[in-house]
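Residue numbers (the working numbering): 610 to 1132.
Just so it is clear, CB atoms sit at the ideal spot from N, CA and C, and this is done for glycine as well.
Below is one structure, written out as structure tokens; the observations come after it.
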Amino acid sequence: MRVQQVLAVLVVMTLFMGTSTAWSQGSADIDQSGFVDAQDQILFLQQWQTGGAFAPEEVTPAEQVEVEIIGVTVPADNRPEVTFALMNGAGQAIDPADLSTYRFTICKLVENSPAAGQANYISYITEEETNEYGPPPHGTVTAHVATFDSGRGPSGGVAVNITDNGDGTFTYKFADEIVIAAADMGLTHTVGAQIQYNLQGKTTYANPIFNFVPDGSEVTTVRELTNTMTCNECHTDLGLHGGGRKEIGLCILCHNPSPDNIDPDSGNSIDMKVMIHKIHMGADLPRPATDPYIIYGHNGSVNNYSEVLYPQDIRNCEKCHTGTEDHPEQADYWMTNPSVAACGSCHENVNFTTGQGHSDNNFPATDGSCLACHGPQGSAPIAEVHQIPRKAEDFPQLMSEIMEVANTTPGATPSVTFTLTQDVSGVVTDVDPTSLNRVAVSVAGPTVGDYDMVWTEIIGGNSTDNGDGTRTYMLNQAIPADAVGTWAFGIEARGNGIAEFDGARAALVANPVAYAAVTDAAP
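In structure tokens:
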């Protein structure tokens, strides 16, 4: 019931908050950006869940920690040394001893399947864990979980393993030794850190990332399929493991396909490509009841992600796969660089080794063979089979704009003049409302506080074609005689649907909303 309430609230909010236009002013603009948009809906939902206003904690520049890794070397003792600059947001130096936490990790980026152009991190630093909280018998499942260097954090007011270089930089020396094989000296290596600074009770975080090649050559291979800003479009301020790990570039250093890098309590993979797909697929996984995706967290907390409901079409791969500013081309890797692990994380019913469940012909597959069928020229291109019908080029895109709202004085019967068009493969034509499944006008007012009155009228064949691409609908119901302030007028339209393999899909209009003065001098 709560989910249905949330959806209902968001639908109403979308209708009467409108789209990102100059009309969208007022209290619904929660982040005061000047527009009512998706971010306002996210903040609205947070308010609804918590019962209070969403107000991020104010942090002054002096309270913000900023870290830049300048260089990394691996000396003869095999304990990596990381040189970094440390200051606050005001450009003032911070003593490492004043940090509440500092942790470093290091990985190599291995092209495990050059034929498919794939690269994954493998951790140098791991720790052994056994089944402690999961189903018995306990202690029988052993994992080697990627982690941070063991010599982390200040102790007794002393910055352990950190040397002040006297020039505004510091060097952290790993406590753990690593061995870089001769064959790996030309691979990209990445150091990441979790830095936490607490000044006056406010903790701020930095997750610096640094790529280098041990033999001194230029870095040419990186893994940047997405970025933290993309995650935070939904998660607002993503922070895991106590809140100090916020950058996706740091997450993938530990959540990688290293051997035995699993949750020992459930046996499930924590490789990022597997974990993230399964979490977002959630309840839509093939076997959520009999084979749930569960990860045991801090103190044995059970996180059953098979109960998660993703709030949009799971096929919208571009939502998360955005690449980065430096590597936008990696946004397309989901369709150009497929792998058994990534595809199998959602398509659990496919046995890629035997081929069982893989098309009608039960084709076995490896990472290097996927593109033969699923490449751009294959029989089932990834982009095509993951196409969201409404985003297809030939899917009718309904569009509407409110041109004028007239006769809105108290007791008067309003009229709404609007356009209704559709775009099919770039060709835009006018649409008769009678050809659609539903076209309606909603009226609500006043706009101060909660709406006191709302009603909707079906337009059907009752609008007048003005001969200039616009239509006018005269409402049946009048504005109340005692109405005051400003009122909102919105249009909704829905097509008749186009049959798809998983159900009908109807073209929908992005609801335009206009505001008209009833007793106000201006809306």
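Look at the alpha carbon of Pro-895 and the alpha carbon of Gln-1086, and state the distance between them as a whole number of angstroms.
49 angstroms
Nearest-angstrom Cβ-Cβ length linking Ala-1116 and Gln-996, presumed shorter than 8 angstroms
Actually they do not touch by this definition, with Cβ atoms about 15 angstroms apart.
Alpha-carbon to alpha-carbon, Tyr-919 and Asp-1129:
42 angstroms
Are there three or more Cβ pairs, one per stretch, closer than 8 angstroms when the region 920-935 is compared with the region 813-824?
no
What are the uninterrupted segments assigned as alpha helix (DSSP H) that are 4 or more residues long and contained completely in the region 826-888, given in chain order?
837-844, 857-863
Tell me whether Gln-1049 sits in a helix, a strand or coil according to DSSP, three-state version.
Correcting the residue type first, residue 1049 is Ala in the shown sequence and not Gln. Three-state DSSP puts Ala-1049 in a strand.
Could I get the ranges of all uninterrupted beta strand (DSSP E) runs contained in the region 997-1030, with 3 residues as the minimum, in chain order?
1006-1015
Distance between beta carbons of Ile-771 and Thr-778, contact taken as under 8 angstroms
The pair is not a contact, with the Cβ atoms about 11 angstroms apart (cut-off 8 angstroms).
Thinking just about the alpha-carbon of each residue, which of Leu-1007, Met-944, Val-917 is nearest to the one in Gly-987?
Considering only alpha carbons, the answer is Met-944.
Distance between Lys-928 and Ile-1135 (C-alpha atoms, nearest Å):
The chain is shown only over 610 to 1132; residue 1135 falls outside these bounds and no answer can be derived.
Going by alpha carbons, who is nearest to Asp-1061 out of Phe-1027, Ala-1097, Met-1083?
Nearest neighbour of Asp-1061 by Cα position, chosen from Phe-1027, Ala-1097, Met-1083, turns out to be Ala-1097.
Where Glu-1151 sits in the DSSP three-state scheme
Only positions 610 to 1132 of the chain appear in this structure, which leaves residue 1151 out of reach.
DSSP-derived helix/strand/coil call for Tyr-806:
strand
So if DSSP puts Gly-801 in a beta bridge, which residue, or which two residues, is it bridged to?
DSSP output for Gly-801 lists Thr-714, Ile-818 as bridge partner(s).
Could you tell me which of Glu-1066, Asn-1120, Val-676 sits nearest to Ile-804, measuring between CA atoms?
When each option's Cα is compared against that of Ile-804, the closest is Val-676.
Grab the span of the beta strand (DSSP E) containing Ile-1197 for me, first residue to last.
One cannot answer for residue 1197 here, as it falls past the ends of the chain, which runs 610 to 1132.
Can we say the region 666-674 touches the region 800-819, given the rule of at least three CB pairs closer than 8 angstroms?
Segment contact: the region 666-674 against the region 800-819, three or more CB-CB distances shorter than 8 angstroms; contact assigned.
Let me confirm a value: Gly-858 is counted as buried when at least 16 other C-beta atoms fall within 10 Å, else exposed. Which label applies?
When all chains shown are included, Gly-858 counts as buried.
Let's test the definition: count the other Cβ atoms within 10 Å of the Cβ of Val-691 and tell me whether it reaches 16, buried, or not, exposed.
buried
Do Thr-1028 and Gly-1078 have their C-beta atoms closer together than 8 angstroms?
yes
Around the C-beta of His-889, are 16 or more other C-beta atoms found within 10 angstroms, so that it is buried, or is it exposed?
buried
Which first and last residues belong to the beta strand (DSSP E) in which Ala-1087 is found?
Run containing Ala-1087: none; DSSP gives neither H nor E here.
Return the chain-ordered list of same chain residues with a C-beta closer than 8 angstroms to the C-beta of Val-683, the five sequence neighbours on each side being excluded.
Sequence-distant Cβ neighbours of Val-683 in its own chain, meaning closer than 8 angstroms and more than five residues away, are Pro-689, Glu-690, Ile-787, Ile-789, Pro-823.
For the 8 angstroms Cβ check, are there 3 or more pairs between the region 862-879 and the region 733-741?
Counting Cβ pairs under 8 angstroms, three or more are found: they touch.
Hey, Arg-999 and Arg-1114: beta-carbon distance below 8 angstroms or not?
Going by C-beta atoms, Arg-999 is nearer than 8 angstroms to Arg-1114.
Per DSSP, which residues does Val-1036 bridge with? Please list them.
Val-1033
Asn-913 in three-state terms, based on DSSP
strand
Touching by the beta-carbon criterion (3+ pairs, under 8 angstroms), the region 828-835 and the region 934-944
Contact check between the region 828-835 and the region 934-944: three or more CB pairs, one atom from each, fall below 8 angstroms, which counts as touching.
Looking only at its chain, what residues have a beta carbon closer than 7 angstroms to the beta carbon of Pro-866, apart from the 5 residues adjacent to it on each side?
Counting only Cβ-Cβ distances below 7 angstroms, and skipping sequence neighbours, we find Asn-729, Asp-880, Ala-950.
Bridge partner(s) assigned by DSSP for Met-794:
Paired residue(s): none; Met-794 is not in a bridge.
Nearest-angstrom Cα separation, counted from Thr-1017 out to Ala-1131
12 angstroms
Reduced DSSP secondary structure (H/G/I, E/B, other) of Asp-704:
coil
Nearest residue (CA-CA) to Glu-667, options Glu-736, Asp-1074, Thr-812:
Thr-812
Expected contact under 8 angstroms - CB spacing of Thr-1056 and Gly-853 to nearest Å
The Cβ separation is near 42 angstroms, so there is no contact.
What separation, rounded to the nearest whole angstrom, lies between the Cα atoms of Thr-749 and Thr-756?
21 angstroms
Span separating the alpha-carbon of Asp-1039 from that of Ala-1126
29 angstroms
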